[in-house]
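The numbering of the sequence shown is the numbering used here, which starts it at 44 and goes up by one.
For every residue, glycine included, the Cβ atom is placed at its ideal position computed from N, Cα and C.
Notes follow the structure.
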Amino acid sequence: MFRVYVIIFFLLFGAIAALMVSGMFQELDNQIILSFENIRLPFLNDVMLTLTDFGISALLVPIMLIFSVVLFMYKRYHSIMLLFLLYIAEKTVNHELKGLFARERPAFDHLVNETYYSFPSGHSMNAATIYPFIAYLFIEMIPWLKKRQKAVYMVTGCCVLMIGISRMYIGVHYVTDVAGGFAIGLALFLICKKIDEKLSVIRQK
44 MFRVYVIIFF LLFGAIAALM VSGMFQELDN QIILSFENIR LPFLNDVMLT LTDFGISALL
104 VPIMLIFSVV LFMYKRYHSI MLLFLLYIAE KTVNHELKGL FARERPAFDH LVNETYYSFP
164 SGHSMNAATI YPFIAYLFIE MIPWLKKRQK AVYMVTGCCV LMIGISRMYI GVHYVTDVAG
224 GFAIGLALFL ICKKIDEKLS VIRQK
(Lines of atoms letter the chains of each structure in order from A and count residues from 1; the text may use other names and numbers.)
(Lines give C-alpha, C1' and ligand atoms only; values in the text may rest on other atoms or scores of the structure.)
Protein backbone atom coordinates (compact mmCIF):
# COMPACT_ATOMS: atom_id res chain seq x y z
CA MET A 1 0.00 0.00 0.00
CA PHE A 2 2.94 2.32 0.63
CA ARG A 3 3.87 2.43 -3.06
CA VAL A 4 0.24 2.89 -4.06
CA TYR A 5 -0.22 5.92 -1.79
CA VAL A 6 3.05 7.51 -2.90
CA ILE A 7 2.12 7.04 -6.56
CA ILE A 8 -1.36 8.46 -5.92
CA PHE A 9 0.07 11.60 -4.31
CA PHE A 10 2.58 12.12 -7.12
CA LEU A 11 -0.13 11.61 -9.73
CA LEU A 12 -2.39 13.99 -7.84
CA PHE A 13 0.34 16.61 -7.88
CA GLY A 14 0.79 16.07 -11.62
CA ALA A 15 -2.95 16.48 -12.20
CA ILE A 16 -3.08 19.67 -10.12
CA ALA A 17 -0.03 21.05 -11.94
CA ALA A 18 -1.61 20.25 -15.32
CA LEU A 19 -4.84 22.03 -14.32
CA MET A 20 -2.85 25.03 -13.13
CA VAL A 21 -0.71 25.27 -16.27
CA SER A 22 -3.71 24.84 -18.58
CA GLY A 23 -5.59 27.65 -16.85
CA MET A 24 -8.73 25.51 -16.62
CA PHE A 25 -8.94 26.05 -12.86
CA GLN A 26 -7.93 29.71 -12.82
CA GLU A 27 -11.42 31.18 -12.56
CA LEU A 28 -12.27 28.97 -9.59
CA ASP A 29 -8.87 29.77 -8.05
CA ASN A 30 -9.72 33.46 -8.30
CA GLN A 31 -13.21 33.02 -6.88
CA ILE A 32 -11.93 31.12 -3.85
CA ILE A 33 -9.38 33.85 -3.08
CA LEU A 34 -12.09 36.52 -3.38
CA SER A 35 -14.44 34.54 -1.14
CA PHE A 36 -11.81 34.52 1.59
CA GLU A 37 -11.32 38.28 1.17
CA ASN A 38 -15.04 38.79 1.69
CA ILE A 39 -15.10 37.10 5.10
CA ARG A 40 -12.06 38.85 6.58
CA LEU A 41 -12.47 40.26 10.07
CA PRO A 42 -9.80 41.78 12.34
CA PHE A 43 -9.85 38.93 14.88
CA LEU A 44 -9.93 36.31 12.11
CA ASN A 45 -6.98 38.02 10.44
CA ASP A 46 -4.98 37.60 13.66
CA VAL A 47 -5.94 33.92 13.92
CA MET A 48 -4.96 33.18 10.32
CA LEU A 49 -1.70 35.11 10.55
CA THR A 50 -0.81 33.06 13.65
CA LEU A 51 -1.74 29.80 11.93
CA THR A 52 0.29 30.60 8.82
CA ASP A 53 3.40 31.16 10.97
CA PHE A 54 3.37 27.45 11.85
CA GLY A 55 4.30 26.73 8.24
CA ILE A 56 7.25 29.10 8.11
CA SER A 57 10.82 27.89 8.58
CA ALA A 58 11.54 30.47 11.28
CA LEU A 59 9.09 28.65 13.58
CA LEU A 60 9.28 25.16 12.12
CA VAL A 61 13.04 24.75 12.60
CA PRO A 62 12.90 25.60 16.36
CA ILE A 63 10.03 23.11 16.72
CA MET A 64 12.18 20.49 15.02
CA LEU A 65 15.14 21.29 17.28
CA ILE A 66 13.01 20.98 20.42
CA PHE A 67 11.55 17.70 19.16
CA SER A 68 15.07 16.46 18.39
CA VAL A 69 15.81 16.66 22.12
CA VAL A 70 12.89 14.27 22.71
CA LEU A 71 14.19 11.96 19.99
CA PHE A 72 17.65 12.05 21.56
CA MET A 73 16.19 11.03 24.92
CA TYR A 74 14.54 8.06 23.22
CA LYS A 75 17.84 7.24 21.46
CA ARG A 76 16.26 7.63 18.03
CA TYR A 77 19.37 9.18 16.51
CA HIS A 78 18.53 8.04 12.99
CA SER A 79 15.14 9.76 13.27
CA ILE A 80 16.82 13.07 14.10
CA MET A 81 18.94 12.74 10.96
CA LEU A 82 15.90 11.82 8.85
CA LEU A 83 13.83 14.70 10.22
CA PHE A 84 16.36 17.29 9.08
CA LEU A 85 17.13 15.51 5.81
CA LEU A 86 13.39 15.46 5.11
CA TYR A 87 13.19 19.18 5.79
CA ILE A 88 16.15 19.96 3.52
CA ALA A 89 14.78 17.71 0.75
CA GLU A 90 11.33 19.28 1.00
CA LYS A 91 12.70 22.84 0.88
CA THR A 92 14.89 21.97 -2.12
CA VAL A 93 12.06 20.30 -4.02
CA ASN A 94 9.73 23.22 -3.31
CA HIS A 95 12.26 25.80 -4.47
CA GLU A 96 12.95 23.90 -7.69
CA LEU A 97 9.25 23.38 -8.44
CA LYS A 98 8.49 27.05 -7.84
CA GLY A 99 11.25 28.00 -10.28
CA LEU A 100 10.03 25.44 -12.81
CA PHE A 101 6.39 26.56 -12.86
CA ALA A 102 7.13 30.26 -12.14
CA ARG A 103 3.55 31.05 -11.21
CA GLU A 104 2.93 34.59 -10.04
CA ARG A 105 1.26 35.25 -6.70
CA PRO A 106 -2.49 36.04 -6.66
CA ALA A 107 -3.08 39.63 -7.77
CA PHE A 108 -5.41 40.39 -4.88
CA ASP A 109 -5.22 42.03 -1.46
CA HIS A 110 -2.42 40.40 0.58
CA LEU A 111 -2.22 40.53 4.36
CA VAL A 112 1.52 39.77 4.11
CA ASN A 113 4.11 40.29 1.40
CA GLU A 114 5.67 37.29 -0.36
CA THR A 115 8.40 37.64 -2.96
CA TYR A 116 8.93 34.27 -4.64
CA TYR A 117 6.69 32.24 -6.94
CA SER A 118 3.39 30.74 -5.87
CA PHE A 119 3.16 27.08 -6.97
CA PRO A 120 3.37 24.89 -4.97
CA SER A 121 2.79 26.52 -1.58
CA GLY A 122 5.92 26.24 0.55
CA HIS A 123 4.05 26.63 3.84
CA SER A 124 1.65 23.86 2.83
CA MET A 125 4.52 21.59 1.82
CA ASN A 126 6.33 22.32 5.08
CA ALA A 127 3.23 21.47 7.09
CA ALA A 128 2.26 18.35 5.11
CA THR A 129 5.79 16.95 5.28
CA ILE A 130 7.12 17.74 8.75
CA TYR A 131 4.09 17.67 11.08
CA PRO A 132 2.85 14.21 9.98
CA PHE A 133 6.42 12.89 10.37
CA ILE A 134 6.62 14.31 13.89
CA ALA A 135 3.21 12.79 14.65
CA TYR A 136 4.38 9.42 13.33
CA LEU A 137 7.51 9.52 15.52
CA PHE A 138 5.46 10.40 18.61
CA ILE A 139 3.17 7.44 17.85
CA GLU A 140 6.18 5.14 17.52
CA MET A 141 7.71 6.30 20.81
CA ILE A 142 4.66 6.55 23.06
CA PRO A 143 2.50 3.42 23.46
CA TRP A 144 -0.53 5.45 24.64
CA LEU A 145 -0.48 7.37 21.36
CA LYS A 146 0.11 4.23 19.29
CA LYS A 147 -3.28 2.94 20.45
CA ARG A 148 -4.82 6.22 19.30
CA GLN A 149 -2.87 6.80 16.12
CA LYS A 150 -5.95 7.50 13.99
CA ALA A 151 -6.93 10.33 16.31
CA VAL A 152 -3.34 11.67 16.31
CA TYR A 153 -3.21 11.68 12.50
CA MET A 154 -6.68 13.28 12.30
CA VAL A 155 -5.67 16.12 14.63
CA THR A 156 -2.40 16.55 12.72
CA GLY A 157 -4.28 16.56 9.43
CA CYS A 158 -6.68 19.24 10.67
CA CYS A 159 -3.75 21.41 11.76
CA VAL A 160 -2.04 20.98 8.39
CA LEU A 161 -5.29 21.79 6.58
CA MET A 162 -5.76 24.97 8.60
CA ILE A 163 -2.24 26.13 7.70
CA GLY A 164 -3.12 25.64 4.02
CA ILE A 165 -6.40 27.52 4.43
CA SER A 166 -4.58 30.37 6.14
CA ARG A 167 -2.41 30.82 3.03
CA MET A 168 -5.51 31.35 0.90
CA TYR A 169 -7.20 33.53 3.50
CA ILE A 170 -4.29 35.97 3.66
CA GLY A 171 -4.26 36.12 -0.14
CA VAL A 172 -0.83 34.75 -1.03
CA HIS A 173 -1.80 31.38 -2.52
CA TYR A 174 -4.45 29.85 -4.75
CA VAL A 175 -6.19 26.62 -3.75
CA THR A 176 -4.19 24.77 -6.44
CA ASP A 177 -0.96 26.05 -4.84
CA VAL A 178 -2.04 24.67 -1.48
CA ALA A 179 -3.36 21.37 -2.86
CA GLY A 180 -0.16 20.87 -4.86
CA GLY A 181 1.93 21.54 -1.77
CA PHE A 182 -0.10 19.04 0.24
CA ALA A 183 0.20 16.33 -2.44
CA ILE A 184 3.96 16.48 -2.90
CA GLY A 185 4.53 17.06 0.83
CA LEU A 186 2.56 13.96 1.84
CA ALA A 187 4.41 11.87 -0.75
CA LEU A 188 7.74 12.96 0.77
CA PHE A 189 6.43 12.24 4.27
CA LEU A 190 5.43 8.69 3.30
CA ILE A 191 8.83 8.03 1.73
CA CYS A 192 10.66 9.26 4.83
CA LYS A 193 8.31 7.34 7.13
CA LYS A 194 9.09 4.13 5.23
CA ILE A 195 12.83 4.77 5.50
CA ASP A 196 12.53 5.36 9.24
CA GLU A 197 10.57 2.11 9.65
CA LYS A 198 13.29 0.19 7.79
CA LEU A 199 16.05 1.78 9.86
CA SER A 200 14.18 1.02 13.09
CA VAL A 201 14.00 -2.66 12.15
CA ILE A 202 17.73 -2.72 11.35
CA ARG A 203 18.50 -0.96 14.64
CA GLN A 204 16.49 -3.52 16.63
CA LYS A 205 18.45 -6.36 15.05
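Item	Value
When 178, 133 and 114 are compared against residue 226, the one with the closest alpha-carbon	133
For residue 65, the nearest candidate out of 146, 111 and 233 (CA to CA)	146
Residue 154 versus residue 148: straight-line alpha-carbon distance, rounded	13 Å
Residue nearest to residue 101 in terms of C-alpha spacing, selected from 197, 169 and 239	169
Rounded C-alpha distance that separates residue 218 from residue 115	38 Å
Residues near residue 230 in its chain [Cβ-Cβ closer than 6 Å; skip 5 each side]	49, 52 and 53
Cβ pair residue 178, residue 195 closer than 9 Å	yes
Given 8 Å, three or more beta-carbon pairs between the region 203 to 220 and the region 87 to 105	yes
Residue 159 (DSSP reduced to helix, strand or coil)	coil
Which of helix, strand or coil DSSP assigns to residue 164	coil
Span separating the alpha-carbon of residue 205 from that of residue 94	7 Å
Rounded separation between residue 57 and residue 186 - CA only	37 Å
Outcome for residue 142 when other beta-carbon atoms lying within 10 angstroms are tallied against a minimum of 16	exposed
Pairwise C-alpha distance: residue 109 and residue 86	30 Å
Cutoff 7 Å; reference residue 176; Cβ partners in own chain excluding five residues on either side	126, 129, 232, 235 and 236
Contiguous alpha helix (DSSP H) assignments of at least 4 residues, all confined to the region 68 to 110	69 to 81 and 85 to 96
For residue 184, three-class secondary structure by DSSP	helix
Per-residue burial, residue 163 [other beta carbons within 10 Å of its own, 16 or more giving buried]	buried
Beta-carbon separation (whole angstroms), residue 80 vs residue 151, contact threshold 8 Å	6 Å
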